[in-house]
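Number of protein chains: 2
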Amino acid sequence: MTAALPPHSPADDAGNDAAGPAFSPLYQQIKTLIMRSLQEGEWKPGEVIPSEIELAARYRVSQGTVRKAIDELATENLVVRRQGKGTFVATHTEAQVKYRFLRLVPDGDAPPGPMERRYIDCRRLRAPAEVLRALDLRAGDPVLQVRRLLSFQGKPVVLDLIWLPAALFKGLTAERLSEYRGPLYALFEAEFGVRMIRAEEKVRAVAAPPADATLLDVAPGTPVLSVERRTLTYGDRPVELRQGLYNTASHYYRNELS
Amino acid sequence: MTAALPPHSPADDAGNDAAGPAFSPLYQQIKTLIMRSLQEGEWKPGEVIPSEIELAARYRVSQGTVRKAIDELATENLVVRRQGKGTFVATHTEAQVKYRFLRLVPDGDAPPGPMERRYIDCRRLRAPAEVLRALDLRAGDPVLQVRRLLSFQGKPVVLDLIWLPAALFKGLTAERLSEYRGPLYALFEAEFGVRMIRAEEKVRAVAAPPADATLLDVAPGTPVLSVERRTLTYGDRPVELRQGLYNTASHYYRNELS
DNA sequence: GAGTGGTCTAGACCACACT
DNA sequence: GTGTGGTCTAGACCACTCC
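Read top to bottom, the protein sequences are chains P and H. In this text, residue positions in the first sequence follow our numbering: the first is 552, and each later residue adds one. In this text, residue positions in the second sequence follow our numbering: the first is 552, and each later residue adds one.
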């Protein structure tokens, strides 16, 4: 139950061992251990994790050290602190962060408002080479291809082409997608145990191809944003590749620099 | 020299005063004081600030409290910590963060390489209403309008239209811009004492207008990224508005989500 | 009141840079 | 060696939440 720490337990280490190039502070090791428990599902999304005092006892370190570990997990959005209540495993379901990864904002800066999702299809097929590469898969590994359309106030705004490793999403069908109300990533974490942690996006301006233009209800050739997203789970393992086309006629892609 | 702290000095506050809604922890107050010194130029960009121990003595708090204040300043990129050397006021000159605000990356993920800046013109004129609003200026306040072209390997990639409050940039001319080698924001902080801290960007896909297309060396109507940036200095005061057109044929706008 | 996270302190020791 | 930031500890008290 109480995993002992290899290096840097409170009262060992006298002089660094020979050939020890990989030094890491205690709180980093604790962070890694907590992260492992998160990954293994010891605490599920939305649940509380043990209190700082309990974790300090479990790992045999001071509360301050656990605190620093949890601080980092909180700034990485893996965990949410709530004073007086505890620390909770982050979720894509909560209202505050429901659209954490969607940077599209309506022009007037009004809150996004309700969004309709229409799933066009969900097919199992052989992945193009570039998809294989982006998802770290091997030739022959099956993938799921999902297409969907997001609309705001009845107007289509985002057309997504999504690629998923089939091995991780067994039983995902167009029906199942259509039945589900709520963010895709909430479904993924609840039904398939796949948690989306962070993502990288490559944004370009392109001319809308005729077929896509029809779905987006714009003229073929209209400039639209192409947003290529690679989504990663624990340990930076890629688990989704998605190409989105955004109609930016009355919305924009918002970004903060610092 | 040693400014005394109004509330929450180490040994006062017994029971919250009546009508005291604006509680803020000590380290936040320290952070504010340090930020004020930065803003007032007590320590200039690139210089060391006093050590944690000195600051702790100056503000009459513990080193740990100063540390927490500086930690936040460091994560906001106002300050850079260097172990064994000290804490330094952040700069737009350092190589590591020279292109902190430029998210454009060449397709092959190769490092950006050298960049040529060509300043087209720098004019003083009356600002359009939307520029006034974005910069929090009053009708009649003069502004500078700068146009410039960024090229990579001889190919034009970014066309910027920049608006600046003339009051803050007295004496800025096209010649002065052209003579300067290095990032624009480095010039601003060195010559005009205006430090760019953070920015908000609105990204859209648009058809390149004919005149701009010529400068960017693309066909008129080509889809290009429109990047509208509002840049802020201390206290979130807006000091720049810029509209960039990015040719994303062989570059992309990179973003990280978390 | 009991339990949780949040703040603040004081002191010890480590890793790093300059001299 | 001296001074800097970085880690770790132990203990006190505060603010918030729920019973």
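For glycine and all other residues, C-beta sits at the position ideal for the given N, C-alpha and C.
Original post:
Under three-state DSSP, which class holds Q647 of chain P?
Top reply: Of the three classes helix, strand and coil, the one that applies to Q647 of chain P here is coil, per DSSP.
Original post:
Is the shortest distance between the beta-carbon of Y785 of chain H and the beta-carbons of chain P less than 7 Å?
Top reply: At a cut-off of 7 Å, the C-beta of Y785 of chain H has no neighbouring C-beta in chain P.
**OP:** Count the CB pairs spanning the segment 766-780 of chain P and the segment 617-624 of chain P that are closer than 8 Å, and state whether there are at least three.
**Re:** No contact exists between the segment 766-780 of chain P and the segment 617-624 of chain P.
Subject >> Three-way DSSP call (helix, strand, coil) for F639 of chain P in this model >> reply: DSSP places F639 of chain P in the strand class (E or B) of the three-state scheme.
Original post:
Out of curiosity, what's the CA-to-CA distance linking E627 of chain H and Q696 of chain H?
Top reply: Rounded to whole angstroms, E627 of chain H to Q696 of chain H spans 29 Å at the Cα level.
Original post:
What does Y610 of chain H reach in chain P if we use C-beta pairs closer than 9 Å?
Top reply: Those do not exist, as Y610 of chain H stays about 22 Å from chain P at its closest Cβ, beyond 9 Å.
**OP:** Using alpha carbons as the reference points, say which of P:T773, P:A685, P:S809 lies closest to T799 of chain P.
**Re:** The shortest Cα separation from T799 of chain P among P:T773, P:A685, P:S809 belongs to P:T773.
Original post:
To which residues of the same chain is A613 of chain H closer than 7 Å at the C-beta, ignoring the five residues directly before and after it?
Top reply: The question names Ala, but residue 613 of chain H is Ser in the sequence shown. A607, listed in sequence order.
Original post:
Quick one: is K753 of chain P near chain H, going by C-beta distance under 7 Å?
Top reply: By this cut-off, K753 of chain P is an interface position.
**OP:** Please list, in chain order, all residues of the same chain as Q590 of chain H whose beta carbon is under 6 Å from its beta carbon, the five residues on each side excluded.
**Re:** Correct list, in chain order: Y785.
Subject >> Backbone secondary structure at K582 of chain H - three-state DSSP >> reply: Of the three classes helix, strand and coil, the one that applies to K582 of chain H here is helix, per DSSP.
Original post:
For F703 of chain H, which residues does DSSP report across the bridge?
Top reply: Looking at the DSSP assignment, F703 of chain H forms a beta bridge with H:M666, H:K706.
**OP:** Check whether the Cβ atoms of L776 of chain H and Y736 of chain H lie closer than 7 Å to each other.
**Re:** Not in contact: L776 of chain H and Y736 of chain H (Cβ atoms no closer than 7 Å).
Original post:
Any idea if D782 of chain H is buried or exposed, counting beta-carbon neighbours within 10 angstroms, 16 or more meaning buried?
Top reply: Note that residue 782 of chain H corresponds to Thr in the displayed sequence, not to Asp. Buried: at least 16 other Cβ atoms inside 10 Å.
**OP:** Put A750 of chain P into one of helix, strand or coil per three-state DSSP.
**Re:** Strand.
Original post:
Mind checking if R793 of chain H is an interface residue toward chain P, Cβ cutoff 7 Å exclusive?
Top reply: Judged by the 7 Å Cβ criterion, R793 of chain H is not in contact with chain P.
**OP:** Buried or exposed for V630 of chain P, please, with buried defined as at least 16 other CB atoms from any protein chain shown within 10 angstroms of its CB.
**Re:** Looking at its Cβ environment, which holds 16 or more other Cβ atoms inside 10 Å, V630 of chain P is buried.
Original post:
For I748 of chain P, is the classification buried or exposed, using 16 other Cβ atoms within 10 angstroms of its Cβ as the cut-off for buried?
Top reply: Under the 10 Å beta carbon count, I748 of chain P is surrounded by 16 or more other beta carbons and is classified as buried.
Original post:
Going by alpha carbons, who is nearest to W594 of chain H out of H:A758, H:E740, H:E751?
Top reply: Distances from the CA of W594 of chain H to each of H:A758, H:E740, H:E751 were compared; the closest alpha carbon is that of H:E740.
Original post:
With distances taken between CB atoms, is the gap from L683 of chain P to P789 of chain P smaller than 7 Å?
Top reply: Result no, Cβ atoms of L683 of chain P and P789 of chain P do not sit closer than 7 Å.
**OP:** Compute the Euclidean distance between the alpha carbons of P711 of chain P and V745 of chain H, then round it to the nearest angstrom.
**Re:** As written in the sequence, residue 711 of chain P is Asp, which differs from the Pro given in the question. Near 42 Å, if we compare the C-alpha coordinates of V745 of chain H and D711 of chain P.
Original post:
Where does P601 of chain P fall in DSSP's three states?
Top reply: In this structure, DSSP gives P601 of chain P a state outside helix and strand, which the three-state scheme calls coil.
**OP:** Thinking F720 of chain P and M666 of chain P are a contact (beta carbons under 8 Å), I'd like their distance in whole angstroms, please.
**Re:** A Cβ-Cβ distance of about 22 Å is found for the pair F720 of chain P and M666 of chain P, leaving them out of contact under the 8 Å criterion.
Subject >> Amino acids of chain P, ordered along the chain, whose beta-carbon sits closer than 9 Å to that of T616 of chain H >> reply: Counting only Cβ-Cβ distances below 9 Å, T616 of chain H has no contacts in chain P at all, with the closest Cβ about 14 Å away.
Original post:
Hey, how far is the Cα of T616 of chain H from the Cα of R632 of chain P?
Top reply: Put simply, the backbone Cα of T616 of chain H is about 21 Å away from that of R632 of chain P.
Subject >> beta strand (DSSP E) runs contained entirely in the segment 672-741 of chain P, provided each spans 3 or more residues >> reply: Considered as a whole, the segment 672-741 of chain P harbours 693-703, 706-716 as its complete beta strand (DSSP E) runs of no fewer than 3 residues, in chain order.
**OP:** Name the one or two DSSP bridge partners that Y610 of chain P has.
**Re:** Looking at the DSSP assignment, Y610 of chain P forms no beta bridge with any residue, so it has no partner.
**OP:** Out of H:P693, H:Y670, H:L655, H:P679, state which residue places its alpha-carbon closest to the alpha-carbon of L700 of chain H.
**Re:** From the listed residues H:P693, H:Y670, H:L655, H:P679, the smallest Cα separation to L700 of chain H is found for H:Y670.
Subject >> Residues near R675 of chain P by beta carbon distance below 7 Å, same chain, minus five either side >> reply: If we look at R675 of chain P and ignore the five residues flanking it on each side, its Cβ neighbours are P693, L695, A717.
**OP:** Buried or exposed for F652 of chain H, please, with buried defined as at least 16 other CB atoms from any protein chain shown within 10 angstroms of its CB.
**Re:** By the Cβ neighbour-count rule, F652 of chain H is buried, with 16 or more other Cβ atoms within 10 Å of its own.
Subject >> Among P:V754, P:A770, P:K753, nearest to P761 of chain P - alpha-carbon criterion >> reply: That would be P:A770, whose Cα lies nearest to the Cα of P761 of chain P.
**OP:** Please report how far the alpha carbon of L577 of chain P lies from the alpha carbon of R587 of chain H, in whole angstroms.
**Re:** Rounded to the nearest whole angstrom, the C-alpha separation of L577 of chain P and R587 of chain H is 35 Å.
Original post:
Short check: CB of K636 of chain P to CB of P734 of chain P, under 7 Å?
Top reply: No.
Subject >> Counted within 10 angstroms of its Cβ, other Cβ atoms place Q580 of chain H as buried (16 or more) or exposed >> reply: Buried is the call here.
Original post:
Looking at A750 of chain H and R727 of chain H, is the spacing between their C-beta atoms short of 7 Å?
Top reply: It is not a contact, given that the beta carbons lie outside the stated cut-off.
**OP:** Determine the chain P residues that contact S809 of chain H at a beta-carbon separation under 8 Å, and present them in chain order.
**Re:** Within chain P, the residues near S809 of chain H are E627, N628, I748, R749, A750.
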